[in-house]
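Peer 1: Dumping the structure here so I can ask a few things about it.
Residue numbers (UniProt numbering): 1 to 329.
Below you can see the structure in the form of structure tokens.
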């Protein structure tokens, strides 16, 4: 009888746990994505991402730590754990766009080879690696790796070249199946983009993007240009979409989303990167200040401004305290 009693108790406890699990799942579904949208959340992304609903993100745009330095902030995130969350939260037609360089590019591609489709090369206006300039070439480019499950939104950002009209050409090769026939060869100068993005010169089908330094004060050692983010967001999403940056740093890609009339979710661990030895750098505050300034710009639409009436910071601690921010959501 005692054995039966203990078994019955175990069953009740199991049922209770199952019921609690169902309740928590239902609460999560009810909350949906809204509590996260247009918020900057402090915390480890691997702790925050599990709270984001399935298939709720239109585009992931993130400058992940490359692991190319000995700095704590540059430690590589567990890629397998990260991909498990990425694949769960991204919509079936959503693009996952991740910056990379050197050996990290190879690691990143091989970490989800089945989803990798192609990469874009961003040629920077200023090279790096000056400490090794006598041993190695300077580094003047970074990679932008494109992953997706199904064909995502793709809005090619057309560029301008020289218009031409070469008239009717006989035996012009057309298509991929060896057909040759007369064709009128002309162009109004509009060009499809290629897989190289660069800076400032104005010719043909390259896209020129400024480096972060050329846009003003640099807040983070790996800060990406806002204009680069805008270009990628225009290409792989539509107005009103939700853009996730789970390692948002000083918030450049969040500003890109605002300026392109998209919503965002920003996650930042907010660890001291030792840029300023006198006092620690609070990246959540930097994000907030930059967002506030961006919202004042004339190009930001009234409908976008309305999205930011409530406080943007969902969770924030100073001095880089290790805390689970999901409890605050």
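Heads up, the beta-carbon is just placed ideally off N, CA and C, and yes, glycines get one too.
Small disclaimer: the values here were computed from a predicted structure and weren't measured.
Considering only DSSP beta bridges, list what residue 330 is partnered with.
Peer 2: Given a span of 1 to 329 for the chain in the structure shown, any question on residue 330 remains unanswerable.
Peer 1: So, is residue 114 buried or exposed, given that buried needs 16 or more other C-beta atoms within 10 angstroms?
Peer 2: exposed
Peer 1: Determine, using beta-carbon pairs with one atom in the stretch 86-100 and one in the stretch 141-154, whether at least three such pairs fall under 8 angstroms.
Peer 2: yes
Peer 1: Could you pull out every residue in the same chain whose Cβ sits closer than 7 angstroms to the Cβ of residue 62, ignoring the five residues on either side in sequence?
Peer 2: 98, 245, 246, 247
Peer 1: Have a look at residue 101 and residue 136 and give me their C-alpha separation to the nearest angstrom.
Peer 2: As the crow flies, the alpha-carbon of residue 101 is around 15 angstroms from that of residue 136.
Peer 1: With distances taken Cα to Cα, identify the nearest neighbour of residue 46 among 269, 281, 305.
Peer 2: 269
Peer 1: Give every residue of the same chain whose Cβ lies closer than 7 angstroms to the Cβ of residue 307, excluding the five residues on either side of it in the sequence, and list them in chain order.
Peer 2: 38, 263.
Peer 1: On the criterion of 16 or more Cβ atoms from any shown chain inside 10 Å, does residue 119 qualify as buried, or is it exposed?
Peer 2: Label assigned to residue 119: buried.
Peer 1: Name, in chain order, the residues that DSSP records as bridge partners for residue 143.
Peer 2: 100, 121
Peer 1: According to DSSP, simplified to helix, strand and coil, what is residue 161?
Peer 2: coil
Peer 1: When you compare only the Cα positions, how much space is there between residue 296 and residue 134?
Peer 2: 45 angstroms
Peer 1: Taking its Cβ as the centre, do 16 or more other Cβ atoms sit within 10 Å of residue 241, making it buried, or is it exposed?
Peer 2: buried
Peer 1: Compute the Euclidean distance between the alpha carbons of residue 261 and residue 149, then round it to the nearest angstrom.
Peer 2: When rounded, the distance between both Cα atoms is 25 angstroms.
Peer 1: Looking at residue 265: is its Cβ nearer than 8 angstroms to the Cβ of residue 300?
Peer 2: no
Peer 1: Taking the C-alpha atoms as reference points, what is the distance between residue 291 and residue 14?
Peer 2: 47 angstroms
Peer 1: According to DSSP, residue 133 sits in a beta bridge with which residue or residues?
Peer 2: Per DSSP, none; premise fails for residue 133.
Peer 1: Which of the three DSSP states, helix, strand or coil, is assigned to residue 71?
Peer 2: Low confidence applies here, because residue 71 scores a pLDDT of 47, under 50, leaving its location unreliable; read the following figure in that light. The DSSP-derived three-state label of residue 71 is coil.
Peer 1: Measure the alpha-carbon distance for residue 235 versus residue 78 and round it to whole angstroms.
Peer 2: One alpha carbon belongs to residue 235, the other to residue 78, and they sit about 28 angstroms apart.
Peer 1: For the candidate residues 131, 132, 158, 145, whose alpha-carbon lies nearest to that of residue 109?
Peer 2: 145
Peer 1: Do residue 250 and residue 230 come within 8 angstroms of each other at the CB atom, strictly closer than that value?
Peer 2: no
Peer 1: Under the assumption that residue 121 contacts residue 141 (Cβ atoms under 8 angstroms), give the Cβ distance between them as a whole number of angstroms.
Peer 2: 5 angstroms
Peer 1: Using the Cβ count rule (16 or more neighbours within 10 Å means buried), how would you classify residue 227?
Peer 2: Burial call: buried.
Peer 1: If you draw a straight line from the alpha carbon of residue 294 to that of residue 17, how long is it in whole angstroms?
Peer 2: 47 angstroms
Peer 1: Quick check on the DSSP output: the beta strand (DSSP E) that includes residue 39 runs from which residue to which?
Peer 2: 39-42
Peer 1: If you draw a straight line from the C-alpha of residue 131 to the C-alpha of residue 107, how long is it?
Peer 2: 24 angstroms
Peer 1: Candidates 198, 305, 191: which alpha carbon is nearest residue 143's?
Peer 2: It is 198.
Peer 1: How should residue 254 be labelled, buried or exposed, when 16 other C-beta atoms within 10 angstroms of its C-beta is the threshold for buried?
Peer 2: buried
Peer 1: Within 10 angstroms of the Cβ of residue 201, are there 16 or more other Cβ atoms? Answer buried if so, exposed if not.
Peer 2: Because residue 201 sits at a pLDDT of 31, beneath the cut-off of 50, its placement in the model cannot be relied upon, and the following sentence gives the value as read from the coordinates. Burial check for residue 201: the Cβ neighbour count within 10 Å stays below 16, so the residue is exposed.
Peer 1: Based on Cα-Cα distance, which residue from 305, 243, 194, 237 lies nearest to residue 89?
Peer 2: 243
Peer 1: Looking at C-alpha atoms only, which residue of 32, 35, 125 is the closest neighbour of residue 225?
Peer 2: 125
Peer 1: How many angstroms separate the CA atom of residue 139 from the CA atom of residue 32?
Peer 2: 43 angstroms
Peer 1: Note down the Cα distance separating residue 233 from residue 84, rounded to an integer number of angstroms.
Peer 2: 23 angstroms
Peer 1: Residue 193 to residue 116, Cα distance in whole Å?
Peer 2: Cα to Cα, the separation comes out at about 19 angstroms.
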